[in-house]
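Visitor: Following this message is one structure expressed as structure tokens.
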Amino acid sequence: MSLSIAPFLITLSLSDRLRKQSKSRKLPHWEKFYRNTFFVSLFLLVTDIVVKDNGIMPWIWILYLGFLLVMSQQEKEFRTMRMFLLAFVPYAVVSFVSTFSEGLLPDFYNAYESYFKSGESIAIIWWVAMLFSMNRQDKIAEKERIKRLREDEINRAIAIRKVELEGLVAERTAELTRQKEELEETLSELKNTQSQLIQSEKMASLGELTAGIAHEIQNPLNFVNNFSEVSNELLVEMEEEMEQGNVEEVRGIITDLKSNLEKINHHGKRADSIVKGMLLHSRAGSGQKEPTDINALADEYLRLAYHGLRAKDKSFNSAYRTELDPAIGKVNVVPQDLGRVILNLLTNAFYVVSEKKKREGAGYEPEVVVKTEKREASLLITVSDNGDGIPSKILDKIFQPFFTTKPAGKGTGLGLSMCYEIVTQGHGGELKVETEEGRGSVFTILLPIETPTKA
Amino acid sequence: MMKILVVDDEQDIRSLFEQHFRKEIRKGEMDFVFAFSGEEAMDYINSGENEAVLILSDINMPGMSGLELLHNIREKYATPPPVVMMITAYGDAYNYHMAMENGANDFLTKPLDFGSLKLKLNALIL
Numbered sequence: 188m189s190l191s192i193a194p195f196l197i198t199l200s201l202s203d204r205l206r207k208q209s210k211s212r213k214l215p216h217w218e219k220f221y222r223n224t225f226f227v228s229l230f231l232l233v234t235d236i237v238v239k240d241n242g243i244m245p246w247i248w249i250l251y252l253g254f255l256l257v258m259s260q261q262e263k264e265f266r267t268m269r270m271f272l273l274a275f276v277p278y279a280v281v282s283f284v285s286t287f288s289e290g291l292l293p294d295f296y297n298a299y300e301s302y303f304k305s306g307e308s309i310a311i312i313w314w315v316a317m318l319f320s321m322n323r324q325d326k327i328a329e330k331e332r333i334k335r336l337r338e339d340e341i342n343r344a345i346a347i348r349k350v351e352l353e354g355l356v357a358e359r360t361a362e363l364t365r366q367k368e369e370l371e372e373t374l375s376e377l378k379n380t381q382s383q384l385i386q387s388e389k390m391a392s393l394g395e396l397t398a399g400i401a402h403e404i405q406n407p408l409n410f411v412n413n414f415s416e417v418s419n420e421l422l423v424e425m426e427e428e429m430e431q432g433n434v435e436e437v438r439g440i441i442t443d444l445k446s447n448l449e450k451i452n453h454h455g456k457r458a459d460s461i462v463k464g465m466l467l468h469s470r471a472g473s474g475q476k477e478p479t480d481i482n483a484l485a486d487e488y489l490r491l492a493y494h495g496l497r498a499k500d501k502s503f504n505s506a507y508r509t510e511l512d513p514a515i516g517k518v519n520v521v522p523q524d525l526g527r528v529i530l531n532l533l534t535n536a537f538y539v540v541s542e543k544k545k546r547e548g549a550g551y552e553p554e555v556v557v558k559t560e561k562r563e564a565s566l567l568i569t570v571s572d573n574g575d576g577i578p579s580k581i582l583d584k585i586f587q588p589f590f591t592t593k594p595a596g597k598g599t600g601l602g603l604s605m606c607y608e609i610v611t612q613g614h615g616g617e618l619k620v621e622t623e624e625g626r627g628s629v630f631t632i633l634l635p636i637e638t639p640t641k642a
Numbered sequence: 642m643m644k645i646l647v648v649d650d651e652q653d654i655r656s657l658f659e660q661h662f663r664k665e666i667r668k669g670e671m672d673f674v675f676a677f678s679g680e681e682a683m684d685y686i687n688s689g690e691n692e693a694v695l696i697l698s699d700i701n702m703p704g705m706s707g708l709e710l711l712h713n714i715r716e717k718y719a720t721p722p723p724v725v726m727m728i729t730a731y732g733d734a735y736n737y738h739m740a741m742e743n744g745a746n747d748f749l750t751k752p753l754d755f756g757s758l759k760l761k762l763n764a765l766i767l
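Chains A and B are the protein sequences, given in the same order.
To convert, take the position in the first sequence, counting from 1, and add 187; that gives the working numbering.
To convert, take the position in the second sequence, counting from 1, and add 641; that gives the working numbering.
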């Protein structure tokens, strides 16, 4: 009795497992097959009970169990379930050996019956133990499967979200591109405005100096006129002296005439260079570096700045002097740009000293000094004043665009920022300031010397 | 003989005066002294050789301007007051007004008309 229950349970559980496995692996024909084997087991049990101990049934059970085990190996998918099959093999072997001995070698079987019985029991215990452990593994596997399913779900949700996000990104990108284009447009507008501002700043600084420039041109022209007039008079006198035979006097007059002609030439050239400088200054710079006489440039712009302010404000007066290092000679710079820097520093210097003079009156003697100095591989141009100096709290702002201390409408705040750009970017130099409140400021232009390649 | 101090920051003014007044200088009617800044003019006047009875001064000079020089002269040398003529390239109302207020005797504009200047100087000599 116990014999037929054990193979029934074992074949039943084997069919059941294989059916479940077929189902979860989506193998419908195997599922159907093992559903049928379930009924076969049931049928065999009923037969066993009805027929009762006839010696054939154990064989049928063993054959049937062997059949199931062999069939399970037909499906490739199940071959991975070796562990699971191991639960049934011991029982199959033990019951085969036991049935075989009982039927064919009854003496041997009777002599060792207790061994066969305990072997069968051990095989059943083994099967039950394996069943438990398999159940546990199944639970773990099921958990894993659920977890994987959930992950799949999450992945699917992520994929959907990703598509949504990609849509959003594309939208944003389009918006950003549009904004970028708008900004580029604005930037180019701003650049245009900037170059216009630079040009108008140039023209404004020139405009401020118009009167000074006129004076600077008028002055040499006066000399040209005066010297030519006096030369005419001298010629008349010379004729008189010649008639009287005063050779010494005639010689003296000739010397004067010679020097007068030189002076006329000198002053003519001076007016010429001022007009050229003015044209150079107002031109929207070609930006070309050329060998330039730095000392002449500094001197010329000093005069322009002084007379310009002088002409604008009749009460303005300041001492000025130059300390020019003759060793400098010609240096490769953009003359109109560097001229603007010097002019700007000078008009600032004159502005601060005149403001101080207005406030302090007779006790204060304003002075602006332009100095050039040749160093080993560099050139220094300093513009110093004895004005009020620059308060330390604004010192780091003075080179920023649109920063000005002048009252509204008096300064654009672009002067020093342009100077800074011209010196640092245009000429690879440095623009520095040293200042002491109440004592004055010194602006230093430091330029690397590029000696003209032209001999 | 009339001693004339000419104050101007332009050095070439010297040869202009010397040539225009060649005859007068040679005849010993006029003697010109030149100063190239207001400060230099004050030094000359302070040096005690102040025989100049006529001072011709430019207004626009760096440092001490012609107007300041005029002011100083009028303040310090009340007797005998020298004749001071101001010369300027800017013949504007402000400069003229300031010059007259500070006691200038005359106001000339550049370019100098040496013909009329000569007449004015000759009138002073006589």
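We treat Cβ as the ideally placed atom computed from N, Cα and C, and that holds for glycine.
Excluding the five sequence neighbours on either side, which residues of its own chain have a C-beta within less than 8 Å of the C-beta of Tyr296(A), listed in chain order?
Guide: Hits under 8 Å: Ser285, Ser288, Glu289, Phe303.
Visitor: Measure the alpha-carbon distance for Ile345(A) versus Arg323(A) and round it to whole angstroms.
Guide: Taking the straight line joining both Cα atoms gives about 32 Å.
Visitor: Do you know how far the Cα of Arg490(A) is from the Cα of Lys641(A)?
Guide: Because the pLDDT at Lys641(A) is just 47, under 50, the model does not fix this residue reliably, and the value given afterwards should be weighed accordingly. Answer to the nearest angstrom: the Cα atoms are 29 Å apart.
Visitor: In chain order, what residues of the same chain lie with their CB nearer than 8 Å to the CB of Leu137(A), ignoring the 5 residues before and after it?
Guide: Outside the shown range of chain A, which is 188 to 642, sits residue 137(A), and nothing can be said about it.
Visitor: Who are the near neighbours of Leu496(A) in its chain, counting only those whose CB is closer than 6 Å to its CB and skipping five residues on each side?
Guide: For Leu496(A), where only same-chain residues beyond five positions count, the Cβ hits under 6 Å are Phe503, Phe537.
Visitor: So who's on the other strand from Arg508(A), going by DSSP bridges?
Guide: The partner list for Arg508(A) (beta bridge, DSSP) reads Val556(A).
Visitor: Under 8 Å between C-beta atoms, does Asn406(A) make it to chain B?
Guide: So, interface residue.
Visitor: Should Ser259(A) and Leu272(A) be called a contact, given that it needs their Cβ atoms to be closer than 8 Å?
Guide: Taking 8 Å as the Cβ cut-off, Ser259(A) and Leu272(A) qualify as a contacting pair.
Visitor: Could you check where the beta strand (DSSP E) with Ile515(A) kicks off and where it finishes?
Guide: Neither: Ile515(A) is in no beta strand (DSSP E) and is coded neither H nor E.
Visitor: With 8 Å set as the bound, which would you pick, yes or no: does the beta-carbon of Asn701(B) sit closer than that to a beta-carbon of chain A?
Guide: Output row for Asn701(B): interface = yes.
Visitor: Closer than 8 Å, Cβ to any Cβ of chain B: which residues of the stretch 437 to 461 of chain A, in chain order?
Guide: Under the 8 Å Cβ criterion, the stretch 437 to 461 of chain A contributes Asp443, Ser446, Asn447, Lys450, His454.
Visitor: Under a CB-based cut-off of 8 Å, is Ser541(A) close to chain B?
Guide: Cβ-Cβ to chain B under 8 Å: no for Ser541(A).
Visitor: With 16 other CB atoms within 10 Å as the buried threshold, where does Gln652(B) fall?
Guide: Looking at its Cβ environment, which holds fewer than 16 other Cβ atoms inside 10 Å, Gln652(B) is exposed.
Visitor: In three-state terms, what does DSSP make of Ser706(A)?
Guide: No answer is possible for residue 706(A): the residues shown for chain A start at 188 and end at 642.
Visitor: Are Leu530(A) and Ala492(A) close, meaning C-beta to C-beta below 8 Å?
Guide: Going by C-beta atoms, Leu530(A) is nearer than 8 Å to Ala492(A).
Visitor: Which residues does DSSP pair with Glu623(A) in a beta bridge?
Guide: Gly627(A), per the DSSP bridge assignment.
Visitor: Under a three-way DSSP split, which group does Glu289(A) fall into?
Guide: Three-state DSSP puts Glu289(A) in a helix.
Visitor: Buried or exposed: which applies to Ile700(B), given that a residue is buried once 16 or more other Cβ atoms fall within 10 Å of its Cβ?
Guide: Looking at its Cβ environment, which holds 16 or more other Cβ atoms inside 10 Å, Ile700(B) is buried.
Visitor: When the distance is taken between beta carbons, is Leu760(B) closer than 8 Å to Met727(B)?
Guide: No; because the gap between Cβ atoms is not below 8 Å, this pair is not in contact.
Visitor: Which value, in whole angstroms, describes the spacing of the CA atoms of Met188(A) and Asn223(A)?
Guide: Bear in mind that a pLDDT of 40 at Met188(A), under 50, signals an unreliable position, so the number given afterwards is only what the model happens to contain. The alpha-carbon atoms of Met188(A) and Asn223(A) are separated by roughly 24 Å.
Visitor: Taking its Cβ as the centre, do 16 or more other Cβ atoms sit within 10 Å of Met739(B), making it buried, or is it exposed?
Guide: Met739(B) is buried by the Cβ-count criterion.
Visitor: If you compare alpha carbons, which of Asp500(A), Gly616(A), Asp294(A), Lys544(A) is closest to Leu525(A)?
Guide: It is Gly616(A).
Visitor: Quick one: is Ser688(B) buried, meaning 16 or more other Cβ sit within 10 Å of its Cβ, or exposed?
Guide: Ser688(B) comes out exposed.
Visitor: Cβ of Lys641(A) less than 8 Å from any chain B Cβ?
Guide: Unreliable placement is indicated for Lys641(A), whose pLDDT of 47 sits below 50; the coordinate value is still reported in the next sentence. It does not; no Cβ of chain B falls within 8 Å.
Visitor: Quick one: measure Cβ to Cβ for Asn519(A) and Pro478(A), integer angstroms, because I've assumed they're closer than 8 Å.
Guide: Between Pro478(A) and Asn519(A) the Cβ distance is about 6 Å, and since that is below 8 Å, they are a contact.
Visitor: Answer with yes or no whether the minimum CB distance from Phe537(A) to chain B is below 8 Å.
Guide: Not closer than 8 Å to any Cβ of chain B, the Cβ of Phe537(A) fails to qualify, so no.
Visitor: Please classify Lys213(A): does DSSP put it in a helix, a strand, or coil?
Guide: In this structure, Lys213(A) counts as coil in the three-state DSSP scheme.
Visitor: Cutting at 7 Å between CB atoms, please list the residues of its own chain near Ile197(A), excluding the five before and the five after it.
Guide: Result list for Ile197(A): Leu252, Phe275, Tyr278, Trp314, in chain order.
Visitor: In terms of alpha-carbon separation, which member of Glu300(A), Ser282(A), Arg365(A) lies closest to Phe311(A)?
Guide: Per the sequence shown, residue 311(A) should be read as Ile rather than Phe. If we check each option's Cα against that of Ile311(A), Ser282(A) comes out closest.
Visitor: What do you reckon, are the CB atoms on Lys561(A) and Tyr551(A) nearer than 8 Å?
Guide: No, these two residues do not count as a Cβ contact at 8 Å.
Visitor: For Val423(A), go through chain B and note every residue whose CB falls closer than 7 Å to its CB, in chain order.
Guide: The contacting residues do not exist; Val423(A) stays about 11 Å from chain B at best.
Visitor: Between His614(A) and chain B, is there a C-beta pair that is closer than 8 Å?
Guide: Chain B contact via Cβ: absent.
Visitor: What's the gap between the Cα of Glu372(A) and the Cα of Thr364(A)?
Guide: Glu372(A) and Thr364(A): Cα-Cα distance of roughly 12 Å.
Visitor: Decide if Glu643(A) is buried, meaning its Cβ has at least 16 other Cβ atoms within 10 Å, or exposed.
Guide: No answer is possible for residue 643(A): the residues shown for chain A start at 188 and end at 642.
Visitor: What is the DSSP secondary structure of Lys561(A), reduced to helix, strand or coil?
Guide: Lys561(A): strand per DSSP, three-state reduction.
Visitor: So, is Ile236(A) buried or exposed, given that buried needs 16 or more other C-beta atoms within 10 angstroms?
Guide: With fewer than 16 Cβ atoms within 10 Å of its Cβ, Ile236(A) is classed as exposed.
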